[in-house]
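Here the structure comes first, spelled out in structure tokens, and everything after it is commentary.
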Amino acid sequence: MNHFEYQNGQLCAEGVSVADMAAEVGTPFYCYSSATLARHARVFLDAFKGQPVRLCYSVKANSNLAVIATLAAEGAGADIVSGGELRRALAAGIEPSQIVFSGVGKTASELAFALEVGIDQFNVESEPELELLAKLAAERNLVAKIAIRVNPDVDAKTHEKIATGKAENKFGISWKRAPAVYAHAAELPSIAAIGIDVHIGSQLTSLEPFEAAFKRVASMVEQLRREGHAISRIDMGGGLGIPYRGDNDIPPHPDEYAALVKRTVGRLGCELTFEPGRMIVGNAGILVSRVIYVKEGDDRTFLIVDAAMNDLIRPTLYEAFHEILPVEEPSDDERVTYDIVGPVCETGDYMAKARSLPRLKAGDLIAIMSAGAYGAVQASTYNTRPLVPEVLVHGDEFAVIRARPDYDEILRQDKIPLWLQPDKSSTR
Ligand code: LLP
0 MNHFEYQNGQ
10 LCAEGVSVAD
20 MAAEVGTPFY
30 CYSSATLARH
40 ARVFLDAFKG
50 QPVRLCYSVK
60 ANSNLAVIAT
70 LAAEGAGADI
80 VSGGELRRAL
90 AAGIEPSQIV
100 FSGVGKTASE
110 LAFALEVGID
120 QFNVESEPEL
130 ELLAKLAAER
140 NLVAKIAIRV
150 NPDVDAKTHE
160 KIATGKAENK
170 FGISWKRAPA
180 VYAHAAELPS
190 IAAIGIDVHI
200 GSQLTSLEPF
210 EAAFKRVASM
220 VEQLRREGHA
230 ISRIDMGGGL
240 GIPYRGDNDI
250 PPHPDEYAAL
260 VKRTVGRLGC
270 ELTFEPGRMI
280 VGNAGILVSR
290 VIYVKEGDDR
300 TFLIVDAAMN
310 DLIRPTLYEA
320 FHEILPVEEP
330 SDDERVTYDI
340 VGPVCETGDY
350 MAKARSLPRL
360 KAGDLIAIMS
370 AGAYGAVQAS
380 TYNTRPLVPE
390 VLVHGDEFAV
400 IRARPDYDEI
410 LRQDKIPLWL
420 QPDKSSTR
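Letter 310 of the sequence shown, counting from 1, is numbered 309 in the working numbering, and no numbers are missing.
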């Protein structure tokens, strides 16, 4: 459920008209709903009521400080994958004790910073990373709490670019090798291997792959305990999918997911950490764009809009489907089939192909739905398009939570060296 609905013929985010925001902020822009963010965090946590679980929101899905702070107010911690995300989580008010650090390529400076601020858990993804972390922790007289991310060799049955749990993927340590790595970790005085971690992919729409992975993790915990390791935590990763096509593709409800978790790992009595990203923010955001031109091609009609692949790369990168709604509620049933494309000079620059929409004209606004996760965070300035701004709605009010940069700001980031500035180079 989300809070983007038509009210008196106009699409609104909670109590604010999308068209009013567009008039003030300009297009394109991302718009997020606080109530939807909070609701999704609560639905997730409610599914596990009475159990020792924590939600470490996967910051990569949407790392705006205001979004993280909204979720922190609901009790969320953070799952981070870089020193930059760690700084964001801290700046948004998340306690280091609620932060877990994932990722295959943590650098020495990122690990050192995370140790120094005292994050709760490192999800270790390789043996060289374990060695480096042990060394950095020992140098600081610290003990790093770790979970080893195991690769369970399970097919997540999602888009190949976002499946992470097969043996051929770069993620985690093979479940076959993991016991040997735990044995080695036990010999490192600056390491406390207290947990196990698994994450098999994103946008999972069935429970079956989760079940296979969680069962493997459960038997691994039993084996590790038999071998003398005190495993008290499981990090279950993220990955629960969201509906992108309205009522036509309903992924498992968090309640069903929670029942599966209980069934597969409940008997172990471990503390559970979850790292959902998309499930929390995906349907809490839209990308608002304006039609620049309607262009008639030989065999199709192009709706050329001012949002492009640099603002939302998901359609072209993952063949992702995002529902598109006119901001003004259609008054009749007439439908036209459009290719909705952006201004970027690539054929891959599209939001949707062969999409049936109400008839639209230049100047009309559209909302690209379910764009709260992996939208703004994957935006770029390709074609020297200013980074797309973000707006957060809260009831009847809204705030710009990242402003559109102006062109001077963008150009100032580049520097022309002295040898290309004849006037100045002569005075060197
Ligand atoms: N934990 C780890 C270790 C992850 O790698 C990810 C996502 C998550 C948690 C959160 O997964 P979620 O609950 O959001 O599915 N850009 C792609 C998705 C990439 C997912 C990367 N890892 C997209 O737009 O579909």
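The C-beta atom is built at its ideal place from N, Cα and C for all residues, glycine as well.
By the DSSP assignment, the beta strand (DSSP E) with residue i in it spans what residues?
| i | result |
| --- | --- |
| residue 234 | 232 to 234 |
| residue 128 | Here residue 128 belongs to no beta strand (DSSP E); instead the alpha helix (DSSP H) covers 126 to 138. |
| residue 191 | 190 to 196 |
| residue 149 | 143 to 150 |
Is residue i near the ligand LLP - that is, is its Cβ less than 7 Å away from at least one heavy atom of it?
| i | result |
| --- | --- |
| residue 238 | yes |
| residue 181 | no |
| residue 272 | no |
| residue 79 | no |
| residue 156 | no |
| residue 125 | no |
| residue 278 | yes |
| residue 173 | no |
| residue 266 | no |
| residue 275 | yes |
| residue 161 | yes |
| residue 313 | yes |
| residue 120 | no |
| residue 379 | no |
| residue 252 | no |
| residue 6 | no |
| residue 205 | no |
| residue 59 | yes |
| residue 321 | no |
Determine the closest residue to residue i out of the options, with distance taken between C-alpha atoms.
| i | options | result |
| --- | --- | --- |
| residue 124 | 197, 83, 108 | 197 |
| residue 170 | 200, 354, 45, 156 | 200 |
| residue 440 | 54, 365, 65, 127 | There is no way to answer for residue 440, as the model of the chain reaches only from 0 to 427. |
| residue 75 | 84, 100, 41 | 41 |
| residue 343 | 55, 406, 378 | 378 |
| residue 277 | 250, 92, 132 | 250 |
| residue 234 | 392, 310, 77 | 77 |
| residue 129 | 118, 146, 140, 115 | 146 |
| residue 158 | 320, 420, 335, 64 | 320 |
| residue 49 | 204, 258, 221, 155 | 258 |
| residue 118 | 127, 166, 96, 241 | 96 |
| residue 51 | 115, 271, 71 | 271 |
| residue 148 | 31, 280, 341, 168 | 168 |
| residue 184 | 260, 227, 151 | 227 |
| residue 265 | 306, 291, 9, 232 | 232 |
| residue 248 | 205, 262, 274 | 205 |
| residue 67 | 18, 44, 45, 94 | 94 |
| residue 126 | 114, 113, 105 | 105 |
Could you pull the DSSP bridge partners for residue i from this structure?
| i | result |
| --- | --- |
| residue 77 | 56, 98 |
| residue 355 | 336 |
| residue 120 | 99 |
| residue 300 | 295, 337 |
| residue 178 | For residue 178, which the question treats as bridged, DSSP gives no partner whatsoever. |
| residue 401 | 389 |
Could you tell me whether any Cβ in chain B is nearer than 8 Å to the Cβ of residue i?
| i | result |
| --- | --- |
| residue 54 | Considering every chain present, this structure includes no chain B. It has just one protein chain. |
Which residues mark the beginning and the end of the alpha helix (DSSP H) in which residue i is found?
| i | result |
| --- | --- |
| residue 210 | 207 to 225 |
| residue 90 | 82 to 90 |
| residue 39 | 33 to 46 |
| residue 280 | 277 to 280 |
| residue 263 | 253 to 264 |
| residue 21 | 17 to 24 |
| residue 408 | 406 to 411 |
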